[in-house]
Structure formats: structure tokens, C-alpha cells
Amino acid sequence: MKWTWASGDTMTHTFSPAISGNELKKGGIQLWLYNTDPRAGESLAVSFQNTASTTVTVSQFNIKLNFKGWRAVWVSYQEAIVTKNKDINVMKITAPTTQATIHPLYFDLLRFASEVRRQSRDKVVPPIDPNLYSNNNFWQQTYRWSQVSPPIISVTTPSQEKLDNMTLIEKRLENWFVNQSQSSLQFPTNAQRRWMSLQMQVDRAYTQYEQLNIVKSSEGVITGVPLYADKSTVTGGKKFGEVVVKVLLPLALDYHVRSRDVDVNALAADQLSNLNGTMDQKNVAIKKIAGGNQNIQAIFTTALGTTQTSYTLAEVKVAIGTLNTKRKERLLLLLEYIEDQGWNDGSGIGTLDHEMNNSGAGFMNAVFLLRNEITAAGKIDDYVATMKWYNEFGEVYQDPFEYAGTTADRMRTIALAMLFTVLMMPTTTDAKKLDKIRDMEELVLWYANALSPNEGLAGVLKPDYLGFHHNSYYASAYTPHAIHCGALIEFLLSGTPFKLSEDTSKHIKKGLETMRIVAVKYSTPNSVCGRFPGFYRAILAKNFPAYAYAGATAPSLNADGSLGEIAALDSDKIKMFLRLNDAGNEDVSDYLEDGTIFTSIYYLNTIGSINIMEEISSKAASMSVAAESSPQGFWTKNYASLVIARRENWAVTMKGFNKYVWDFEASNNQNVYGLYQSHGALLVANSEASLKTLDIDNGWDWTRHPGTTTIKMDLEQMVSQQRRYFQPRELAGGLTLIGGGDYATGGFGMDFSQPSYKFPAGSFQLDITFGFKKSVFFADFAVICLGSGITTTMSSPNITQTTLFQTKLLNASNPSSILINETSHSLNTDSTKAPSFFGTGNHAATLMDVNGNTYYIPDAHNQGLNVKIGLQNSRNQRGSRATSARYATAWLNHGVNPTDKGYEYTILVNRPSEEVRTLAENQASGSYWYQVLQRDNRAHVVKINNCPRQGETQYGYVFFDRSVRTSGPVRRVTKDPCIVMVEEVDTQNLYIAVSYPNLNFNISRTLDWGSQVNGQERFYSVSTPVDIEVRVISAVNIATGDVRVNGEVVPDTDKTNHVMVRPKSSGATTGRAIVFKQLSKGFTTEVKLTR
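Residue 160 in the numbering used here is what sits at position 144 of the sequence shown, and the numbering runs on without skipping anything.
Right, here's the structure in full:
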């Protein structure tokens, strides 16, 4: 609609019936407005009125007209409310009163929507209601940050050294995109494969470009397919994200590579003979030079012309130059079109909710690659302003920062784009140079804060260096890419005045170390998958370049202005990289060869990154730096209620949840049946290959995750209306005992009471009560599993169960098998072994799963051991299709509505069947390798003989009730729940470790699910320290040996702040009360004592 208006004109619309009720409460106006000329200081006034008796303004706002092109306006009636409890029957739009030249305004897609949500305030319609969004809403802070003023610059002369170093960083970044000294013909093998896979995307991008129908008239008016925000429901156009990711970025990458002199010269020389050869040879050359799009080929062939004689090298170069000029013109027109459609400084395009996840990477990467062309076009200031707006650059100017950390989304979407923005800032005057230096210094401070651990539920990194998203640990998405981006930034800034601080570098290193500890090699456990389930996802196969970046100092400039070689390596970090950079692994190989832009969120698989990794590998070889061995040890990560045990090349993880750690995440079509993934999930990951036997998208029984105690429900009975549940009990977490063995060990405990799951109204599941207590104690290759207090009500006819394993048949022509009491059973053949099979007496059973892990189950009959081989029918994780596969599954049936049931079994990881037979025989004869001293609702206590060495003994305690008196060296504790482990080296020396896994946040209310977490709880929660007194049966000396907190030895001067032996009497040198002080963040405190 075209409105040719005069000063002060009005336009009205009458509603019949009036807007009232729910529509008035939730609805609003949505429109697109086109302005041909910016009007500074002038606005349209939009008012919604009730004229039933007298005219009353119900809701009103202004639209500022200081813009050119299209702008979206989304405003709800309620955010602009003036008079409450009045219906709306008239809308009035009033033009500004002006004496300036008037140009028409154009309205499109004006709608009175029944619901307006996620609307973003911008410079066109600034905030109306200051309470519309809190600072807790990360996606609605763009306008707020745009209003933050940069700090005052105190110096008057720009530092040339700093400017030169920014130029160096810019060249490093260029080289990361593509090695600037190499033509595309010289790319190493994997870079060449990335380039070729990108070319297929480029060809599609040209086709999609043509479908946009972009036309610029002689008057400068641009038309084309309309573009909308990602959350827009309008049909008939495209999303901004579609165009910038699928069209703009591929074409910008292609142009950047092909327009370099080194590429023009090399291609011309290489293809000259083909151009002068047969028609087939000429066609090959044309495709090599111009790509696969016929219209682009035609530009080249027209530029080349026809000749009766052979083409010369100079003629071919000129033709390629003409082609590249046309490529550039298309890209600049495409950028102008995107800008005209509303992607511009100060524009909220209706909603910016998650928009940077959909448009950010495509736009920011492309604009950086085209910065020289944009500068030549005289538009660099405009684009820097647009980038600062969408990157929310004003956030870097905080002093002090509002909270420690940022979000994983911001780290993976805007952190690198902010660097692009600063590097693009012009330096044409001293004032601009000073602005650029200031912004770079402020950005580095932002990086330091963004990568600082946050003690609460916000931030990317936690004090134990897990990566957070949505208030919990997210191992298979979000955080690996966030840390990847952090490591890349560290590499780019290294060796310059803007390098990241030692603390920030340490945080990145610790985050990288943690990722490769949690993953058996590339894949992280399903229990920490968030809403992206799967045991075999190989997330580190797509993020291992981070280890190279963090471990290298990027090159400096040579005298001729070219980049030199990698300057230095950190061998510890590079060893991690070399282990993961395994080209023989299929997932790694696929990643190294894939140059496609496969996500809208980030672009990290550049062609140039291949050269960087290869150079680092070569330098490491010249320094005799070899890949690290698979990590060995035990780690407790109580910010996720998670422990990890590693020996040889395998990893075992145990995962629970509690009042501060939620269980699973789902959406309507992701992880639909993930309800039980944190119910004490015990994953034995023998290798990457072994994980393929746990296939959630083919026949998987979603109620039987290994290790979990669950109710055997039907699939539809597992679907809840909420997600990210907390449970009311405090305990779910672990302890690490370093002791005197070769490698650390530890334990895990969990006390569970079923959350108030939001099942559909009327569901029988709503009446179920369900609880259990479980513990796991680790001793090198052995995993001792205990359960007690398993009680369920109102679940009939569904049984309660604990699953030992569930493994799939991978190859029917070469079937795997399991052992049941040493008898082999093929997964090709159906078999069912009920408890009666194992005898009615106190007989133990032994099993071996398809991956070579053996299981010892005492009193198998009475524990309800079942083993089944057969076809399982299920649905995939999206719930969208039926699936089936053959599995071998073993579980303990606790019965229907069990009361105070328990269990005991032990896994020997990757050990031959002879060893589990020996274990069973020794346990039956009284020659105990381990003894369960207590297993009830007050405590679980285990004694492990000859561990970690012959003649030494370990004890593990999980205290559910502090009033209990226990056997072994520990008699009691003063606070529950907690975990204690003791290693008796001999009669004189022992180690004692204590963990209080409860994060004990200073949150006064009970959290039921993740969406309840408010800003104060998210940003500012702290883990409140507690003291626990451990009473031992034999007195120990007051003087202690080393004290460790979270594995780190504390200085002698600080030991008594963490551990103190209370003298048994005044002047005594020994005592039986050991006070472990200031336990917080789920960290383990350990001390060496003498008796």
C-alpha cells in the first residue's frame, strides 16, 4: 500500500468486531514499512483507540522514520498499553508534522495478529515497556547494548605497534580462510577436497541467486524476493538466514579464492592448453575456471571471445578478471538487496530471536571476506555499524561486567564476528585509529570474561570446566563449538599485544582437556547429550582443530609482508591434537574433506584450517612431539552429576541428576523419549566402534539405558509436557581418590525421588511414586554397582528394572554373540533366559556382552536377572518413524510396585571371561576380592581388597544418612549426603577423600524444571561451602601430608583451611575427627594421613 501523505495526515482503520479478550491480551500489529528517504527526528504515531463513548487511547507507539528501505514493526497491544480494560475498535496512524520534502511511504503485510511474541525493539521502535524483557532473555538485548557508550579514550596518539598487530591478525585470519600464498591448484589433498565440495554448494548458490530475481532500477530501486526473520510466519518469501548462508557466503568464499592474483595466474597458466585444445578440453577448462553454473560460464566465454588463433595467457587472465568483476558486482548487489530488505544498523526485522543463529555466520564471514570491495564502494562505515548492531558490540564496553561468562550460543555465533568487526574498522584518521584500538582492547577484555568460569547456572564454562548450555552440561552440541571458537581466537591473537591472558588460556585448555576426557575418543555419552541423543556422534571429530589452535603461536609477518611459519608449540596441547587428528578414523576423514557450509550458526571448516593443522603436525614431528596416549584416571564433574573412569583406551561414565542438575532436554521432535537418560546411566565405552552397538534410532528400548533404574513403560507413556527436570533429592555425583595408585579412582552415589513429571492430564503416570538409591565404586577395570530402596507405587502393570546392557546386532552375516554362564549365544538366534534359568539358590551368574565386558551377578535368581536376544521394535528419537533391530539385553526385574528392593552386580571392563569366572568362584568361596559391608537406605559401603596394589585396601562409602555408624576405617560423618573413600596403604599410612556432590547453591526455592531458573539464579548463584567431620576408628596424626582440592595440591600454608585433624584431647598429637572444610562446587578434598 502506497501512502502519499501530507504533514500531519492521518489514516484510520475500524475494527468490527472490536479487539478484545485474549486477542487484546496477546495480539498486536505486524507490518513492513518502506521508506525511500530517511527522515531524521520524525515519526509515525500509531494509536489504538476505543471510541464507544468518548475517544480513549488504549495503546500507542511511534515508528521512527530515520531509515531507508524496508523495516519490520512488531508491537503487541499490551507492551504499548495506555488505558487498561478497554477494547480497541479504531487504529489511527498519524504522519509527522514537517516542512521537509515529503516522499511516499509503502506498507506491506500489515496484519493484526492474534498473538505477537518474541518481538524485538530496535531503533525504529525503541523500547516502549521497560519490563517487556529482562536481562535473562539473551535474544532481546540488541537495542540495550546499542545504547552503551564506549569508554573515553585517554590517549591522543594511536599506537602504530598495535595497529600493525591488528594488520597481522587480519592476515592470519585471511590465511585461516584460505592460504593466501597458494592457488586452488596447490591446495593440499584435504584442502582440495574441501574446495571441491564447496564448489557444489557454489553452483547451487548461483542458481538460488538467480531465483531471488534481484533487480536494481535506473533510479536505484531494488526489488527481489522478500526476506523475513527466521521466526516470521509469513509465507511467499525467504528467510534472511537462507540467503546469507546458502547464497551470500558460498559466493563470497568462491570469489575470495578465485579473485586472488595467485589463483588467476595459476588457473590461466594451467588451463591455457585446454582452452586451445579440443571442444571437450575447452569445456573442462571453462568449468575449472568458471564453475558449474552455465550463466557464469557464459560470462567467461563472452569475455574470452572467439579467435582464429590460439588464446594467449594475457587474454585468458583478462577474461578471468572480467569474470571476477562480474562475480564481485553480483555480490555487492546481493549485499545491497539484503540491506534494502531490512538487514541494517538499528533494524530488528520484527524479531531477532535466535536470528544470529540463523543469519550471523553467513553475513559476518561474507562481509569480512568482501571488506576491501565494500571499502572501495565507500560503504565500510555502514557495514561496520550493521555488524556492531547485530553482534551487540556494545556489550564489550561493560565496566564491570554484569556476570562472569557468556552463553555458548554467543560464543559460537558472535565471538569471532566481533573480531571481524574490529578488524574492519577504518583507520583513515587518528580518531578512527584510536577507536579501533580501544574496541580491540575492550573486545579482549570481553573474551576474558566470556571464557571465565561461572559458578552458577550461567556461562560457558564451569569451575570443573564442563561446558554449559541451558543451565546444564551439553557435551554433544553447543559447548564444543563454543570452545573451538575460543581456541581459534586464542590462536589468532597469540604473540600480539592483544593475546589472551594466561588465565583465559588456561580456561580454554581446561575446557579442551575436559572434552577429550568425557569422550571415549570423539563421542560423548548419551547421558550428557542434551536434546541430541546418540551414543555414537563423534562430536570431537568436528572440533579437534581447537586443540591445534590452542597449542600454537600463530605466525608473524616476514619482511615482505607475507606470513611466516608457526612460531611455537605448546607440546601438552599439541599432544592432545595429535591423538585426535587421526586421518584413519572415518569421521575425522569425513570432516577434513568436507568444505560445505553445513550450519547457519558458525563456519569453522575453512580451507585454510587444513594448512594450519598440517603445518602444526609437521612442526610437532620435527620437534619429536608425539600424540598423547588415551587419558587414564578418574574425574568427578559434579556440575553434571557425572564421573568418568578411564583405563587403556576405554571410558566408563556414570550420570545422574539432582536438585541443581537437570536430567534431559527434549522438544516436540528431538529426544522425545529421553526421560530416563540420567537415571543412573552407566556407559561402558570400549571404543568408538563399540558405541555403534548402542543405536538409539534403530530398535532401541528407551526404558533400558545401561545402568539406569527405570519403570518399563510404553513409548507414549514416556512423553512429558516439560523437560529439564530437577529432582528433589540432593545426592547425585561423585568423588575422585588420587591416593597412591598409578591412576586415580573414585565412586558415585545417587538418591532419587521421581520429579513431578508433566504427563498429560489423566495419565496414570501422574500417580506414580518412584525412588531408589544407587552407588558405583571403581577399581581399575572393575565397576561395582549397588542399589537399594527401590520402591515404586501405582505403576501397575509396569515393572521396575535396572538394566545391565543393551547391545545391537550390527552384522547378520557375521553375527556377534554374548556369553551366559560361559555359553555362547548368537544375536542371530532368539533366546530368553528368565530368573529361573539361573537356579533357585544363591547362585551367581556371569555374562559377557558383545563388546567383551563381563558381568558378575550374585544371587541372580533372587535379583530377577533376565537376558533376552531378539527383535526389538521401537521408534526413532524424533518419534517420527517405527524402527526395529535385534538386540541382546540383560536386566534385573524388581517387580511391579516393588518395596525396598536392591541389587548388586560388578562389571569387569574389557576382561576375558576367565576373570569373571574367577571372581565368581572367589566370592562364593569367601576369598573376597570385594565385600559389600552395607547396602541399605542409610549407606552403601564396599571394601576392595588388594587395591590398588597387593596388600592395600580401598573402602568406598556413600552416606545417605549421617546418623548411620559404618564398618571399616570410617565410623560416621556429620553431614549428609556425602561420599568418602579411604585407601589404606599399610597399617600406618592412608588417604581419605571426601566429596559433598550437592552444589548447594544459594537458591532459596525448589526448582522443578529448567525454565523456572531466573536471572539471579542463573548468573549469580554460588556454591555455598560446607564442613564435614569424618570420624575414623583409629586415631591419626594431627600433622597431615599433602592436601588436594579438585586434584590440585594446595600450598602447605593453606592446608589447614581445607583439612584439620581435631586433637582427641588438649595437647594431643592425634585425633579421630578429621574436619574437611569449605567443601564446595562438588570438588573432592583429599588428604594423606598417618596413624
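The beta-carbon is built from N, C-alpha and C at its ideal position, and this holds for glycine as well.
Cβ-Cβ distances below 6 Å link Glu190 to Gln196 in the same chain, with the five nearest sequence neighbours on each side left out; the list follows chain order. Contact annotation: Val735 and Tyr676 have beta-carbon atoms that are not nearer than 8 Å. About 7 Å separates the CB atoms of Lys824 and Leu710; that is less than 8 Å, so the two are in contact. Between Leu320 and Ala335, the CB-CB gap stays under 8 Å. Only residues of its own chain outside the window of five on either side were considered, and among them Asp246, Gly257, Ser616 have a CB closer than 6 Å to the CB of Asn374, listed in chain order. Counting other Cβ atoms within 10 Å of its Cβ, His272 reaches 16 or more and is therefore classed as buried. If you draw a 10 Å sphere on the C-beta of Ser162, you find 16 or more other C-beta atoms in it, and that means buried. Taking 8 Å as the cut-off, the Cβ atoms of Ile1008 and Ile1090 count as close.
With contacts defined as CB atoms closer than 8 Å, Asn206 and Ile834 fail to qualify as a contacting pair. Ser657 and Leu339 have their C-alpha atoms spaced approximately 58 Å apart. Residue state for Ile960 is assigned as strand, using DSSP reduced to three classes. Uninterrupted beta strand (DSSP E) stretches at least 3 residues long and entirely within the stretch 794 to 863 occur at 798 to 809, 815 to 824, 833 to 836, 839 to 842, 847 to 849, given in chain order. Assignment of beta-bridge partners to Thr429 by DSSP yields no partner. Across the set Asn153, Gly236, Ser706, Arg547, the C-alpha of Asn153 shows the shortest separation from the C-alpha of Gln1032.
Val986 sits in a strand when the DSSP states are folded into three classes.
Shown here, Phe975 sits in a strand according to DSSP, grouped into three states. Here Lys537 carries a coil assignment [DSSP, helix/strand/coil]. Runs of the alpha helix (DSSP H) lying entirely within the stretch 1047 to 1093, each at least 4 residues long, are absent.
Annotation: Asp598 to Val604 spans about 7 Å, alpha carbon to alpha carbon.
8 Å or more divides the Cβ of Tyr225 from the Cβ of Tyr489.
Thr183 carries a helical assignment under DSSP once its states are collapsed to helix, strand and coil.
The stretch 969 to 978 makes no contact with the stretch 1058 to 1074: fewer than 3 CB pairs, one atom from each, lie closer than 8 Å. Ranked by Cα distance from Gly762, the options Ser896, Leu126, Val668 are led by Val668.
Spatial neighbours of Trp907 in its own chain (CB-CB distance under 7 Å, excluding positions within 5 residues in sequence) are listed in chain order as Arg720, Gln817, Thr818, Thr819, Leu820, Asn882. Here the alpha carbons of His695 and Gly723 stand approximately 8 Å from one another.
The shortest CA-to-CA distance from Asn830 to any of Asn837, Asn844, Gln822, Val544 is the one to Asn844.
Sorting Thr325, Arg454, Val1010, Pro120 by C-alpha distance to the C-alpha of Thr752 places Val1010 at the top. With a threshold of 16 other beta carbon atoms within 10 Å, Tyr692 meets it and is buried.
For the pair Gly472 and Arg1034, the CB atoms are nearer than the 8 Å cut-off. Val1065 counts as exposed, since fewer than 16 other C-beta atoms from the protein chains shown sit within 10 angstroms of its C-beta. If you check the CB distance, Pro120 and Thr20 come in under 8 Å. The three-state secondary structure of Trp907, taken from DSSP, is strand.
Taken through DSSP and simplified to helix, strand or coil, Asp767 comes out as strand. Comparing alpha carbon positions, the residue from Val261, Val241, Val259 closest to Gly253 is Val241. Taking 8 Å as the cut-off, the Cβ atoms of Lys1093 and Gly1087 do not count as close.
If you draw a straight line from the Cα of Gly624 to the Cα of Phe193, it comes to about 5 Å.
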